[in-house]
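Residues in the sequence shown are numbered consecutively from 4, following the working numbering.
Don't be surprised by glycine CBs; every beta carbon is placed ideally from N, CA and C.
Here the structure is laid out as structure tokens; the discussion comes afterwards.
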Amino acid sequence: MLFELTTEFLQQLQRSIQEGEEDTVRSLVDELPEQDISAILYELEVDESVLLLRCLSTEKSARVICELDTDYRLKILKDFSPLEIAGFIHFIDSDDAVDMINELSVQTGEEVIAFIENPEKADHVIDLLHYDEDCAGGLMAKELIKANLNWTIDRCIEEIRSQSKNVDKVFSVYVVDDTMRLLGTLSLKKLLLADEYAIIADIYEPNIESVESYRSGAEVAELMQKYDLETIPVVNVQGKLLGRITIDDVVDFITEQADLERQMMAGISNDAEEDDSVWLLAKSRLPWLIVGMLGGILGAQFIGLFENVIQQVTAMAFFIPLITATGGNVGIQSSSMIVQSLARDSGYVGMELHRFLKGFIVSLINGIAISSLVFIFNIILKQEMNLAITVSIALFCVVLVSSFMGTITPLILFRFGVNPALASGPFITTANDLLGLGIYFFVAHLLYSF
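Following this line, the structure appears as structure tokens:
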């Protein structure tokens, strides 16, 4: 049943927390899924959230904390001791444990690791801490089900019962040899239907997609999307099984990357959150605002160069906003489509040429349509014919050039290993404003010179 957080429920919960009625608090939230409890925590003060978590079992609290975003989770964890955090880690996957430890100070993180009671869990956490958080090794969890190819089905089932104590979700069994080299996979269906004395080597599926630990998160996401995988094993360069990445980890990664891309396209230089300090928010937005300001100053100086033309035809000034706005919009549209396209595939030369030609044809059609509409508009308003022609030709050229800039800039950045999202937002808008003004006054200078 879908849980709906009402004002009455929240008030009752807060009242019970403040009055120390642990049994009431527990009865209100204990049966709710972790995702719903985490949503409730966002509506509470930090101290109230901590008290609520202390009313729950350690396992339940651990799973709720994993559902929180980074900033709020860190605020919560500050009220728990390293020993208590180590208790949480006992009940969560190793990849989530590493994320939690990475959010703590170095000293606190080391203390937490020292308090982890399960030596295997501690080893898993220490191992994963060596990987970059955005690569396959940083995304994987060490908990999985594996079986030797020489085992019988009966023994395999016994091992699964033993290993699954530490694994929340079992999608399949990974088959390895005596050196832990990944050979293939065994589906649960085959496992259940096979004879108990059958050998795994005779029934496992050898064709399996895997990913090396050094691969980027984007490559992992692309591979899982391409083959419609729920989980993918991670191996080292020798092909030995290290861990697995599940679809929920990839979705989290994609969501984080999408947020960063949107911020970058909007001209926010750092990973900023709504509840960050005023200084951090200002610092993240200021650099590209300065770029836009400098572009505006250059644009004003550029207009000053054509002061004589504007004095002769005052009505030209009326269309400057139209020229700059159209150029900025076209550039944003083109760059956004290219950035989205680059996120889906690897950008081969043939694909880049196809994107460029397709973008050119689209801009050609749009340019003709927009310039024709503006020309008709000027004729209806009985504007001077030269002005109508000037604005229409300039607008047509601006659409073509802005589309070209919006298409080619992300491709060039992508070729040099720079995030193509930088080509969007303030950068492309400022560049197209200057180019648009240049084209507008250049066309006017040519037409009014004759």
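Over the uninterrupted beta strand (DSSP E) stretch that includes residue i, give me the two end residues.
{"i": "Asn151", "result": "149–151"}
{"i": "Leu189", "result": "185–190"}
{"i": "Leu232", "result": "No beta strand (DSSP E) contains Leu232, which DSSP labels as neither H nor E."}
{"i": "Ile248", "result": "244–249"}
{"i": "Tyr177", "result": "175–179"}
On the CB-based measure, 16 or more other CB atoms within 10 Å of its CB, does residue i come out buried or exposed?
{"i": "Tyr177", "result": "buried"}
{"i": "Gly526", "result": "It is not possible to answer for residue 526, since the shown part of the chain is limited to 4 through 453."}
{"i": "His357", "result": "exposed"}
{"i": "Glu146", "result": "buried"}
{"i": "Thr433", "result": "buried"}
{"i": "Ala285", "result": "exposed"}
{"i": "Tyr445", "result": "The question names Tyr, but residue 445 in the sequence shown is Phe. Classification of Phe445: exposed, given that the 10 Å Cβ count is below 16."}
{"i": "Pro236", "result": "buried"}
{"i": "Pro85", "result": "buried"}
{"i": "Val253", "result": "buried"}
{"i": "Arg18", "result": "exposed"}
{"i": "Met388", "result": "exposed"}
{"i": "Arg66", "result": "buried"}
{"i": "Asp99", "result": "buried"}
{"i": "Thr234", "result": "buried"}
{"i": "Ala117", "result": "exposed"}
{"i": "Lys149", "result": "buried"}
{"i": "Ala320", "result": "exposed"}
{"i": "Leu191", "result": "exposed"}
{"i": "Ile431", "result": "buried"}
{"i": "Leu454", "result": "A question about residue 454 goes unanswered here, because the residues of the chain that appear run from 4 up to 453."}
{"i": "Val238", "result": "buried"}
{"i": "Ala139", "result": "buried"}
{"i": "Ser64", "result": "buried"}
Have a look at residue i and residue j and give me their C-alpha separation to the nearest angstrom.
{"i": "Val377", "j": "Ile300", "result": "27 Å"}
{"i": "Ser41", "j": "Leu80", "result": "14 Å"}
{"i": "Val101", "j": "Tyr45", "result": "23 Å"}
{"i": "Lys3", "j": "Phe94", "result": "Absent from the structure is residue 3, since the part of the chain shown begins at 4 and ends at 453."}
{"i": "Gly439", "j": "Ala89", "result": "59 Å"}
{"i": "Ile341", "j": "Pro413", "result": "7 Å"}
{"i": "Met103", "j": "Thr61", "result": "15 Å"}
{"i": "Gly112", "j": "Ile326", "result": "55 Å"}
{"i": "Asp198", "j": "Tyr134", "result": "41 Å"}
{"i": "Gly362", "j": "Leu196", "result": "54 Å"}
{"i": "Gly302", "j": "Leu437", "result": "6 Å"}
{"i": "Ile411", "j": "Phe419", "result": "13 Å"}
{"i": "Gln14", "j": "Glu114", "result": "37 Å"}
{"i": "Glu120", "j": "Glu225", "result": "37 Å"}
{"i": "Leu398", "j": "Phe417", "result": "29 Å"}
{"i": "Met227", "j": "Asp251", "result": "11 Å"}
{"i": "Tyr75", "j": "Ser108", "result": "15 Å"}
{"i": "Gln386", "j": "Gln260", "result": "49 Å"}
{"i": "Phe12", "j": "Glu87", "result": "29 Å"}
{"i": "Phe164", "j": "Ser175", "result": "Looking at the sequence itself, residue 164 is Arg, so the reference to Phe does not match. One C-alpha to the other measures close to 13 Å."}
{"i": "Gly331", "j": "Asp262", "result": "22 Å"}
At a cut-off of 7 Å, would you count residue i as near the ligand ADP, judging by its Cβ distance to the nearest heavy atom?
{"i": "Asp72", "result": "Within the structure as shown, the ligand ADP is missing, as the structure has no ligands at all."}
How many whole angstroms separate the CB atoms of residue i and residue j, which I take to be in contact at a CB cut-off of 8 Å?
{"i": "Leu8", "j": "Leu31", "result": "With a Cβ gap of about 11 Å, Leu8 and Leu31 do not count as contacting."}
{"i": "Asn153", "j": "Ile202", "result": "7 Å"}
{"i": "Glu25", "j": "Cys58", "result": "5 Å"}
Just to confirm my understanding: we take residue i, look at its own chain, exclude 5 residues before and 5 after, and list those with CB closer than 8 Å. What are they?
{"i": "Asp137", "result": "Ser219, Gly220, Phe256"}
{"i": "Val333", "result": "Ser366, Asn369, Val401, Val402, Ser405, Ser406, Gly409, Asn435"}
{"i": "Ile306", "result": "Ile313, Ile323, Leu440, Phe444"}
{"i": "Ser167", "result": "Ile148, Val173"}
{"i": "Asn105", "result": "Gly112, Leu132, Glu136"}
{"i": "Asp180", "result": "Asn151, Leu152, Leu186"}
{"i": "Thr155", "result": "Glu199, Tyr200, Ala201, Ile202, Ile203"}
{"i": "Asn381", "result": "Leu390, Ala391, Val394, Ser395"}
Who are the Cβ neighbours of residue i in its own chain at under 7 Å, not counting the five residues just before and after it?
{"i": "Phe20", "result": "It should be pointed out that residue 20 corresponds to Ile in this sequence rather than to Phe. Cβ neighbours of Ile20 beyond the five flanking positions: Val28, Glu51, Leu54, Leu55."}
{"i": "Phe6", "result": "Leu35, Asp39"}
{"i": "Lys193", "result": "Ile206"}
{"i": "Thr393", "result": "Val446, Ala447, Leu450"}
{"i": "Leu77", "result": "Glu106"}
Between which residues of its own chain and residue i is the CB-CB distance below 6 Å, once the five residues before and five after are set aside?
{"i": "His127", "result": "Ser97, Lys145"}
{"i": "Ala318", "result": "Leu390"}
{"i": "Glu310", "result": "none"}
Which two residues bound the contiguous alpha helix (DSSP H) that contains residue i?
{"i": "Val109", "result": "109–118"}
{"i": "Ser469", "result": "What the structure shows of the chain is the stretch from 4 to 453, and residue 469 is not part of that stretch, so it cannot be assessed."}
{"i": "Tyr45", "result": "First-last for Tyr45: undefined, no H or E at that position."}
{"i": "Ser19", "result": "10–21"}
{"i": "Gln166", "result": "156–166"}
{"i": "Asp74", "result": "73–80"}
{"i": "Pro85", "result": "85–92"}
{"i": "Glu208", "result": "Run containing Glu208: none; DSSP gives neither H nor E here."}
{"i": "Ser405", "result": "388–418"}
{"i": "Val128", "result": "122–131"}
{"i": "Thr61", "result": "61–70"}
Check the Cβ-Cβ distances between residue i and every residue of chain B, and say whether any is below 8 Å.
{"i": "Thr249", "result": "Annotation note: the requested chain B is absent from the structure, which comprises a single protein chain."}
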